[in-house]
Structures are given as structure tokens and as C-alpha cells.
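Participant:
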Amino acid sequence: MGDLPTRADVVIIGGGAVGASTAFHLATGGVPDVVLLERETLASGSTSRSAGGARLQFADELNVGLSLRSLDEFERWDALIGEHVEFVPGIAFHQHGYLFLLEPLMARSRVAEATVPAREATLERRRVLVGQRARLTEELAAVDARLETESARVLRGPTPPLAASELQKLVKDLLARGNVEVRSERVLPAADQQGLQEVPIEMTIVGSIGDLVTAISHFERADRLLALKDVKIRVVAPGQPREVTTTLTVAGYLLPGGESSKSKIKPTGKEDD
Ligand SMILES: Cc1cc2nc3c(=O)[nH]c(=O)nc-3n(C[C@H](O)[C@H](O)[C@H](O)COP(=O)(O)OP(=O)(O)OC[C@H]3O[C@@H](n4cnc5c(N)ncnc54)[C@H](O)[C@@H]3O)c2cc1C
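Laid out in C-alpha cells, this is it:
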């Protein structure tokens, strides 16, 4: 710092390409006292990282003008610098042209452009959904409430055989109220039914048609959700047409997931006592 001059006509701060060039042109242009201050070393900033290309494609005229001027100076480098200093630092200046590879960018932008309609459609669907939020929330709450009620009406299980046994007992109790006699019963294979496990049983009963109808009418009011899947009626004795043999297929429902479904089932009805 001690060697710095105490006064100067022009002080330039920063010894990169711009500062150095300004100092050079001022000094060679006749300004006697030019001082260039650099805090690190000359060209320690962007200048030393530059690829060294000089191009003419710019968005504004000034940049194009600067580039053209620098081309002119690089072409005359040795003479231009040699006129003022003994040692001319060499530069490797080759004019091969400047190549921009834009194809991948354009291809990417074409791909992005092609997705615009689909993305706009998705956006529109989301807008519509957001607009329906209040109604959907209300509907969801109603479905939740219904699910809660229906969950309470599924069989306890937790496995299909245990659920079938519970169903057999329940159906026999209901049929007994209708005054019909159960002759035989069997468990049919369980099947998946829209997320629930359907547990069907088959029962053969004997009684009058009136008693049969009364018995079946109790199914609707049962604590558990029951579906009458099939009814086959046969007349036992032609001389006594009022007495019929009926084979019923009745199904109950079980939440999938065995043990985990237990927590969703609320105890209902007298079997739970
Ligand atoms: C990776 C890369 C590639 C590039 N490729 C090209 C190319 O191909 N063609 C092209 O034309 N341009 C290119 N550039 C841009 C070009 O390098 C810069 O535009 C140019 O070097 C800027 O010069 P400068 O003197 O303004 O800045 P710099 O070179 O950054 O110089 C600034 C100087 O000021 C000094 N300084 C800062 N503050 C103070 C202070 N308070 N006191 C003292 N000294 C200070 C710094 O230490 C530094 O040395 C490229 C740039 C980068 C980074």
C-alpha cells in the first residue's frame, strides 16, 4: 500500500478485462496518470474463467458493438500492444465461428408444448374439484356416517367360518319366529363382494308359504346386514300344496382384514350381551 501514488488523473478499481482494457486505452489515449487498483491479482475474477469466445449474437446493439470492436483489436493484437510495450503477451486467437447447439432445447420445448393441453385439462379438473370442495366434503361426511352404520351391521367373524357359524345361528333364530322348521343347513364358500367378504349359507326349511313369507320378512329387520341370494320352493305333497320345502341362500357380510376389522364393528343386538 505504501507504494501507491498519492494522486492520479484516473483511478480504476478492478483489474479484470474491463478495468485493464480501460486503463490501457486511457493511457494510450493520452491520460498521463492512470492507476489500476486490484485487491487480489490481475484477472482473478470472471476474466480468468471466461471461455474466451467473442460472438455477435446479442439482444442489444451495444453488446454487438463491443464484440465487433474486440474482434478488431484481437486481430491487430501484436501491433496494437507492441506499439506501447516491449513484451507483448501472446494470445491464441482463432476465428472459427461460433456454434450454438439449440436443437435439444427446441426439442425439449416442443415436448413441453405438447403436454400443455393435458396439463391445462388437469388444471381445469382440479379447479372444478376445488370449486366442489364444500359439496364433496358434505357427501364424504354422509358416506362416512353411512359406513359407520353399515359397519355395525357386519358379522363379527373375524374369520369366514366363525362368521358363517354366527350367521347360521342368527338365521335359525329369525326363521323360528316365522314358525318354519329347519331341515338342513350348510355353509357355502365365502367370496369377495366389492371390498366386503360375503359369507353365504344355505338352509332348507319346511312350512306353509305364509309362514315362509313371515320368516323371511324378519331378515330385513335383523341386527346384521342380510341378503337373500336365492329361494327355491318345492311342493312337498301334491295333496297338500300349502306345505312347501324351501331352500334359501342367505348371505351375511364380513369386513376384510380379520382382526383389524374388529375395531370397526360396534357391538349390537342380543348376541353381544
Ligand atoms: C465461466 C465463464 C465463461 C465466460 N465465457 C465468456 C466468453 O466466452 N466470452 C465472453 O465475452 N465473456 C465470457 N464470460 C464473461 C466474461 O468473463 C466477463 O464478462 C468479464 O471477464 C468481466 O470482466 P470484468 O473486468 O468486468 O470483471 P472481473 O474479471 O470479475 O474483474 C473484476 C476485478 O475486480 C476486482 N475487484 C472487485 N472489487 C474490488 C475492490 N473493491 N477493490 C479492488 N479490486 C476489486 C476483482 O478482484 C476482479 O479481479 C464468461 C464468464 C464466465 C464466468
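One rule links them: number in the numbering used here = place in the sequence shown (from 1) + 53.
Cβ atoms here follow ideal geometry from the backbone N, Cα and C, with glycine treated the same way.
Given the structure is predicted, the values throughout are model-derived calculations rather than measurements.
Among all the DSSP beta bridges, which residues are the ones paired with Val297?
Facilitator: Gly260 and Val288.
Participant: Could you compute how far the alpha carbon of Leu227 sits from the alpha carbon of Ile269?
Facilitator: Computed Cα separation, rounded: 8 angstroms.
Participant: Within 8 angstroms: the Cβ of Ile144 and any heavy atom of ligand 1?
Facilitator: Result no, Cβ not under 8 angstroms from ligand 1.
Participant: Since Lys236 and Val259 are thought to touch, with beta carbons under 8 angstroms apart, how far apart are those beta carbons, to the nearest angstrom?
Facilitator: Looking at the sequence provided, one finds Arg at residue 236 rather than Lys. Yes, Arg236 and Val259 are in contact; Cβ-Cβ is about 6 angstroms, under 8 angstroms.
Participant: Using 8 angstroms as the cut-off, classify the Cβ of Glu114 as near or not near the heavy atoms of ligand 1, replying yes or no.
Facilitator: No, the beta carbon of Glu114 sits no closer than 8 angstroms to any heavy atom of ligand 1.
Participant: To the nearest angstrom, how far is it from the Cα of Ala195 to the Cα of Thr257?
Facilitator: About 39 angstroms.
Participant: Please name the residue, chosen from Pro214, Leu79 and Phe77, that lies closest to Tyr306 on a Cα-to-Cα basis.
Facilitator: Here the closest residue by C-alpha is Pro214.
Participant: Jot down the residue ranges of each uninterrupted beta strand (DSSP E) in the segment 65–103, minimum 3 residues, whole runs only, in chain order.
Facilitator: Correct list: 87–90.
Participant: Given a cut-off of 9 angstroms, decide if Leu223 and Asp283 are closer than it, judged by their beta-carbon atoms.
Facilitator: No, the pair does not count as a contact, with Cβ atoms beyond the cut-off.
Participant: Taking 8 angstroms as the cut-off, does the segment 103–121 touch the segment 85–93 (at least 3 CB pairs, one atom from each stretch)?
Facilitator: Touching, no, given that fewer than three Cβ pairs across the two stretches are closer than 8 angstroms.
Participant: Name the two residues that bound the continuous alpha helix (DSSP H) containing Val181.
Facilitator: Val169 to Gly184 is the extent of the alpha helix (DSSP H) around Val181.
Participant: Go ahead and label Val71 buried or exposed: buried means 16 or more other beta carbons lie within 10 angstroms of its beta carbon, across all protein chains shown.
Facilitator: That one is exposed.
Participant: Decide if the segment 241–255 is in contact with the segment 205–220; the criterion is three or more beta carbon pairs, one per stretch, under 8 angstroms apart.
Facilitator: Yes: at least three Cβ pairs fall under 8 angstroms.
Participant: Thr36: buried (16+ other C-beta within 10 angstroms of its C-beta) or exposed?
Facilitator: Since the first residue shown for the chain is 54 and the last is 326, residue 36 is missing from the structure and cannot be characterised.
Participant: Round the Cβ separation of Ile65 and Leu90 to the nearest angstrom and send it over; I've been treating them as touching at under 8 angstroms.
Facilitator: Indeed they touch by this definition, with Cβ atoms about 7 angstroms apart.
Participant: Check for me: the alpha helix (DSSP H) holding Val141 runs from which residue to which?
Facilitator: First-last for Val141: undefined, no H or E at that position.
Participant: If contacts are defined as beta-carbon pairs under 8 angstroms, then Ala107 and Leu124 qualify, I think. What distance do you get, rounded to the angstrom?
Facilitator: Right, the Cβ-Cβ distance comes to about 6 angstroms (below 8 angstroms), so this counts as a contact.
Participant: Cβ of Ala304 within 9 angstroms of Cβ of Glu251?
Facilitator: In this structure, Glu251 lies closer than 9 angstroms to Ala304 by Cβ.
Participant: Whole angstroms is fine: what's the gap from Lys315's alpha carbon to Thr202's?
Facilitator: Residue confidence for Lys315 is low, a pLDDT of 40 falling below 50, so the modelled location carries little weight; the figure read from the coordinates is stated next. Distance between the alpha carbons of Lys315 and Thr202 is about 14 angstroms.
Participant: Rounded to whole angstroms, how far is the Cβ of Val207 from the Cβ of Leu278, which I believe are closer than 8 angstroms?
Facilitator: With 8 angstroms as the limit, Val207 and Leu278 qualify as a contact, their Cβ atoms being about 6 angstroms apart.
Participant: Can the beta-carbon of Trp130 be found less than 9 angstroms from the beta-carbon of Val141?
Facilitator: A contact, by the Cβ cut-off of 9 angstroms.
Participant: So, with DSSP's three-state summary, where would you put Asp113?
Facilitator: Correct three-state label for Asp113: coil.
Participant: Reducing DSSP to helix, strand and coil, say where Asp245 ends up.
Facilitator: Of the three classes helix, strand and coil, the one that applies to Asp245 here is strand, per DSSP.
Participant: Measuring straight from C-alpha to C-alpha, what distance separates Asn232 and Asp264?
Facilitator: Straight-line Cα distance between these residues: approximately 6 angstroms.
Participant: On the CB-based measure, 16 or more other CB atoms within 10 Å of its CB, does Ile286 come out buried or exposed?
Facilitator: With fewer than 16 Cβ atoms within 10 Å of its Cβ, Ile286 is classed as exposed.
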